[in-house]
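Asker: Starting off with a structure, shown below.
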Amino acid sequence: MDLDHLLKETKERMQKALEHLHGELVGVRTGRANPSLLEEIKVEAYGTKMNLRDLASINAPEPRLLVVQIWDQNNLSLIEKAIRDANIGLNPVAEGNLIRVAIPPLNEERRKEMIKLVNERTESARVAVRQIRREAIEEIDKLEKSKKISEDDRFRKDEEIQKITEGFSGEIENIAKGKEKEILQV
Numbered sequence: 006m007d008l009d010h011l012l013k014e015t016k017e018r019m020q021k022a023l024e025h026l027h028g029e030l031v032g033v034r035t036g037r038a039n040p041s042l043l044e045e046i047k048v049e050a051y052g053t054k055m056n057l058r059d060l061a062s063i064n065a066p067e068p069r070l071l072v073v074q075i076w077d078q079n080n081l082s083l084i085e086k087a088i089r090d091a092n093i094g095l096n097p098v099a100e101g102n103l104i105r106v107a108i109p110p111l112n113e114e115r116r117k118e119m120i121k122l123v124n125e126r127t128e129s130a131r132v133a134v135r136q137i138r139r140e141a142i143e144e145i146d147k148l149e150k151s152k153k154i155s156e157d158d159r160f161r162k163d164e165e166i167q168k169i170t171e172g173f174s175g176e177i178e179n180i181a182k183g184k185e186k187e188i189l190q191v
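Remember, our numbering sits 5 above the position in the sequence shown when you count from 1.
In structure tokens form, the structure reads like this:
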């Protein structure tokens, strides 16, 4: 494996870890209505588990209200049950082929729980990025031991990987701080 390919692969893997974190945090409830809060909820429909966004359109007509427009009336009770069972503290109300989901304001205890959840998911992303860095550095060390690169090249590439890691770690921190700020807004 050449060094440029190794660096490119390392960046791609770290980017995937960052995207995974972003996807995980989208579903963390804040005090505002956001369609992404419901999009990933799994619904047992048509003999399989599907994302809610594949069965209905989700809109936020008001800051504290989500409206789920169901495409197939037969799925109404399944979707309503899935939202209730998602354990995000929401109570859906069916009206015709719509489900209205009022977003109650977060109390202090719930805010702390959400921040704790954000911190747990952020730490998982940090660990993933550090693991990717360690694997890349191990690969560079192998190349040096097999005399495919010089010691100077190894040091340079180690530094490059460290800079890449610091960049992604900074992005992870920014995402986490942004989500915490969103949760704490009243």
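Think of the CB as a built atom: it goes at the ideal place given N, C-alpha and C, for glycine as much as any other residue.
Where do the ends of the beta strand (DSSP E) carrying N96 lie?
Answerer: 96-100
Asker: On the three-state DSSP scale, how would you describe E165?
Answerer: helix
Asker: Starting from the C-beta of D163, find all residues in its chain whose C-beta is less than 7 angstroms away, skip the five residues before and the five after it, and write them out in chain order.
Answerer: Here the set comprises I142, I145.
Asker: Assuming contact is defined by CB atoms lying nearer than 9 angstroms, are I104 and P97 in contact in what I supplied?
Answerer: yes
Asker: Tell me the DSSP secondary structure of E118 in three-state form.
Answerer: In this structure, E118 counts as helix in the three-state DSSP scheme.
Asker: Check whether the Cβ atoms of E44 and L30 sit closer than 9 angstroms, and answer yes or no.
Answerer: no
Asker: Is the separation between the beta-carbon of M55 and that of V134 shorter than 9 angstroms?
Answerer: In this structure, M55 lies away from V134, with their beta-carbon atoms at least 9 angstroms apart.
Asker: Hey, could you find the ends of the alpha helix (DSSP H) S82 is sitting in?
Answerer: 81-90
Asker: Measure the alpha-carbon distance for A130 versus D7 and round it to whole angstroms.
Answerer: Rounded to whole angstroms, the separation of the alpha carbons of D7 and A130 is 27 angstroms.
Asker: Any contact between the region 67-86 and the region 12-26? By contact I mean 3 or more CB pairs, one from each, below 8 angstroms.
Answerer: no
Asker: Closest to K13 by C-alpha separation, out of I188, E165, E187, would be which residue?
Answerer: The shortest Cα separation from K13 among I188, E165, E187 belongs to E165.
Asker: Would you report the Cα separation of N79 and I88, rounded to the nearest angstrom?
Answerer: 16 angstroms
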